[in-house]
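Student:
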Amino acid sequence: MFKTGAPVTGKDFIDRKKHIPLFNTYLDQNQSFMIKAPRRFGKTSIIKHLSQENPNYKFVYIDIKRLSSLQSLANNIIDSAYKISTIDNFLYKAKNSMFDLVKSIQKIKIDDIAEITIRMYEKDTLDEMEYFLHSLDVMNTIAAKKNINIKFVLDEFQDILKIASSEILDKSRSVIQHHNNITYIFLGSIETIMTKIFERKASPFFHFATIVELPPLDVDELHTYSNNIFNKKNIKCDSLKHLLKYLNGHPDYSLQVLQKLYFTAIANNINELTEKIVYETLIEVILSNKAYLEELISKAKQKKHQLDVLYSIANNNKLELDSKSLYNVHSSLEDIGLIKRIKTGTYIINDMFLKIYLQQKDENIQLIDY
Ligand SMILES: Nc1ncnc2c1ncn2[C@@H]1O[C@H](COP(=O)(O)OP(=O)(O)OP(=O)(O)O)[C@@H](O)[C@H]1O
Ligand SMILES: [Mg+2]
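306 is the number that my numbering gives to position 273 of the sequence shown; each next residue is one higher, with no gaps.
(1) Return the residue from the list K266, L250, R49 and L166 that minimises the CA-CA distance to P284.
(2) Which complete alpha helix (DSSP H) runs does the region 79 to 139 hold, if anything under 4 residues is left out?
(3) For D30, count the other beta carbons within 10 Å of its own beta carbon; 16 or more makes it buried, fewer makes it exposed. Which is it?
(4) Any residues whose CB sits closer than 5 Å to a heavy atom of ligand 1? List them in chain order?
(5) What residue range is occupied by the uninterrupted alpha helix (DSSP H) comprising M227?
(6) Using a Cβ distance threshold of 8 Å, determine whether the region 162 to 171 contacts the region 66 to 80, with at least three qualifying pairs required.
(7) Taking Q85 as the reference, which of G43, D145, T58 and F56 has the closest Cα?
(8) By how many angstroms is the C-alpha of R152 removed from the C-alpha of I14?
(9) Taking DSSP's pairing of strands, which residues face D188 in a bridge?
(10) Between which two residues does the beta strand (DSSP E) containing F219 stretch?
(11) Is the number of C-beta pairs between the region 177 to 196 and the region 88 to 100 that are closer than 8 Å three or more?
(12) Could you spell out where the beta strand (DSSP E) holding K373 opens and where it closes?
(13) Tell me the DSSP secondary structure of N257 in three-state form.
(14) Under 7 Å: does the beta carbon of D188 sit that close to some heavy atom of ligand 2?
(15) On the premise that I223 lies in contact with G378, defined as a C-beta separation below 8 Å, what is that separation, rounded to the nearest angstrom?
(16) Mind listing, in chain order, the continuous alpha helix (DSSP H) runs of no fewer than 4 residues lying wholly within the region 308 to 357?
(17) Can you find the residues in the same chain that come closer than 8 Å, C-beta to C-beta, to N348, ignoring five residues on each side of it along the sequence?
(18) Count the other C-beta atoms from every protein chain shown that fall within 10 angstroms of the C-beta of I108, then say buried if there are 16 or more, exposed otherwise.
(19) Would the beta-carbon of Q64 fall within 8 Å of that of T216?
(20) Look up M385 in the DSSP assignment and say whether it is helix, strand or coil.
(21) Could you check the C-alpha separation between M34 and I262 for me, to the nearest Å?
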């Protein structure tokens with residue numbers, strides 16, 4: 034109920050009524066797809082939800098953001114793949130108990146591919162790219178051997194360009210197009226880079242995956258869901274709809290505010306959440322995200338003018354900057370996921386709390402458009 038802080042599933046998973054049947058169809062048809070949405074929009078929750086709803090499918094989930102090299106990505110893929118064939122910790126065993134490993138490999142008859150893995154892994158100088166492509170082949174070979182279709186999720190896929198050169202796209206595309214036993218699911222929160230990878234004609238991934246731009250939660254569905262929960266506890270909240278509209282379906286922030294309201298009412302035996310309580314709760318929640326917002330700001334500070342441009346967007350001010358520099362700053366802010374272009378020359382700040390935060394003159398948060 035109003036869970037925050039981690040991806041949600043089961044009863045806690047709200048809405049997405051339009052999207053879930055669509056994603057289920059892609060899974061059933063083995064159609065690879067890509068989901069792009071800003072940070073904290075519920076991408077990981079969707080995948081966790083889909084995998085719970087479809088226990089008949091084998092899901093493999095890897096978050097590229099957490100990995101610091103192409104080799105560790107490949108290691109993860111290899112270990113996940115062999116695990117499907119019931120060999121846990123393949124690489125650890127390759128290093129420490131080769132005898133047992135060979136026995137297990139022979140039992141499940143994957144000698145040829147496993148031999149290649151071991152040979153590659155044991156080499157003194159490992160070619161990361163070759164090893165990574167091999168890891169994808171291992172996954173497909175194992176799926177084919179088991180006669181299944183693996184649903185392979187690569188979260189924060191755009192970060193692959195941080196751990197490998199851009200030729201990785203070309204190379205992996207030519208390998209994965211032959212993988213009939215894998216449905217690839219790419220998630221990404223940096224929209225510009227995901228667009229470059231999947232929607233530019235010149236990109237090797239062009240047309241490889243069906244693209245879904247995930248919108249915020251549906252405000253009406255969110256209202257019905259939360260209203261029901263409040264009603265069950267006899268909590269009245271007349272301004273709930275107004276609040277949820279203001280939060281514009283932002284999954285993470287809406288849920289944080291709803292949770293705080295709900296807990297406040299229950300802990301203090303309040304049966305009416307007045308407009309004042311709702312407003313104050315909203316401010317408290319914004320402040321409780323301060324550390325995260327400061328983190329976004331320090332990201333912006335890493336390049337000249339970025340923070341000034343953010344301030345000017347948040348406050349609708351014009352900035353004295355020549356058009357070439359402005360163009361460059363906009364592009365780099367888009368590439369770190371902080372802003373989005375909505376039409377020529379017009380940008381918005383992706384994170385609504387960041388926008389509010391940048392609009393403040395002092396410590397006392399004021400919501401100018403609530
Ligand atoms: N369908 C949903 N139902 C209920 N809450 C949701 C839903 N989707 C997202 N949330 C809320 O938003 C939060 C963030 O969701 P999640 O971690 O899935 O997003 P994400 O897009 O993967 O985020 P990140 O960019 O940080 O990886 C969750 O902790 C939950 O509170
Ligand atoms: Mg996520």
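Beta carbons are placed, not taken as given, at the ideal position from N, Cα and C, and that holds for glycine.
Tutor: Based on what the coordinates show:
(1) Ranked by Cα distance from P284, the options K266, L250, R49 and L166 are led by L250.
(2) Counting whole runs of 4 or more residues, the region 79 to 139 contains the alpha helix (DSSP H) stretches 103 to 117 and 123 to 129.
(3) One cannot answer for residue 30 here, as it falls past the ends of the chain, which runs 34 to 403.
(4) For ligand 1, the residues with a Cβ under 5 Å from any of its heavy atoms are, in chain order, T37, P40, V41, F46, I47, R72, R73, F74, G75, K76, T77, S78, S222, P284, D285 and L288.
(5) Here the alpha helix (DSSP H) through M227 covers E224 to E232.
(6) Put simply, the region 162 to 171 does not touch the region 66 to 80. Fewer than three CB pairs are less than 8 Å apart.
(7) That would be G43, whose Cα lies nearest to the Cα of Q85.
(8) The structure shown has nothing for residue 14, since the chain only spans 34 to 403.
(9) Answer by DSSP bridge pairing, in chain order: D96.
(10) First-last of the beta strand (DSSP E) with F219: I215 to G221.
(11) Touching, yes, given that three or more Cβ pairs across the two stretches are closer than 8 Å.
(12) Taken as a continuous stretch (DSSP letters only), the beta strand (DSSP E) holding K373 covers I372 to K376.
(13) The amino acid occupying residue 257 in the given sequence is Thr; Asn does not appear at that position. Residue state, collapsed to three classes: helix.
(14) Yes - ligand 2 has a heavy atom lying nearer than 7 Å to the Cβ of D188.
(15) Their Cβ separation, rounded to whole angstroms, is 21 Å, which puts G378 and I223 out of contact at 8 Å.
(16) Those alpha helix (DSSP H) runs which fall completely within the region 308 to 357 and span 4+ residues are 308 to 321, 323 to 333 and 339 to 347.
(17) Result list for N348: L391 and Q392, in chain order.
(18) According to the sequence as given, residue 108 is Asn; it is not Ile. Under a 10 Å Cβ-count criterion, N108 is classified as buried, with 16 or more other Cβ atoms of the shown protein chains found around its own Cβ.
(19) Taking a C-beta distance under 8 Å as the contact criterion, Q64 and T216 qualify as a contact pair.
(20) Note: M385 maps to helix in three-state DSSP.
(21) Looking at the two C-alpha atoms, the distance is approximately 8 Å.
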